[in-house]
Every structure is written in C-alpha cells, then in structure tokens.
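Note that this note's numbering gives residue 17 to position 16 of the sequence shown, counting from 1, and the numbers run on in steps of one. All C-beta atoms in this analysis are idealised placements derived from N, C-alpha and C, irrespective of residue type, glycine included. Note that the coordinates shown come from a computational prediction; the quantities given were computed from them, not determined experimentally. Since the structure comes first, as structure tokens, the remarks are kept for the end.
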Amino acid sequence: GKGLLDDIETSKVREFEFAVLEFLEDSHGDLLSSIKDLGEVSEDVAKKLEKNISDFKKGFKV
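Here it is as structure tokens:
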C-alpha cells in the first residue's frame with residue numbers, strides 16, 4: 002500500500018472509501034474504465050489515481 006489512508010481514523014475508512022469512489026466515478030470515470038477494460042492498473046493510471054485520491058482527501062471531512 003501507499004499509505005493513502007494512514008491518517009484516516011479506522012472508523013471513517015469505509016465512509017472515505019464510498020466517498021472517494023463516488024468522486025472518482027463522477028469526475029474521473031475514464032480512470033476506472035481503463036482499469037476495467039485492461040483488467041489491471043497501469044503505472045500511469047496508478048499515478049493519476051494516487052494524485053486524485055490525495056487531492057480528494059484534502060477536502061474530505063470526517
């Protein structure tokens with residue numbers, strides 16, 4: 002793992018997961034489609050996902 006959730010309270014991880022997935026589906030569906038189509042996460046997609054998740058975390062309130 003990349004430690005992206007290390008600073009999120011354990012009790013809030015599921016809430017974060019749902020929220021970030023909704024964010025990615027709404028705003029970055031192309032990344033999710035790429036993963037689905039290829040059946041894997043390319044290095045480029047992984048970097049974009051990591052950046053988008055980190056950006057989302059900045060506004061995530063628990």
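Inter-segment contact for the stretch 2-19 and the stretch 27-40 is absent: fewer than three beta-carbon pairs are separated by less than 8 Å.
Three or more beta-carbon pairs drawn from the stretch 14-25 and the stretch 46-62 are found closer than 8 Å, and the two stretches are therefore classed as touching. If you check the CB distance, Leu6 and Val14 come in under 9 Å. Where Ile9 is concerned, there is no enclosing alpha helix (DSSP H), because DSSP gives it neither an H nor an E. In this structure, DSSP gives Gly60 a helical state, which the three-state scheme calls helix.
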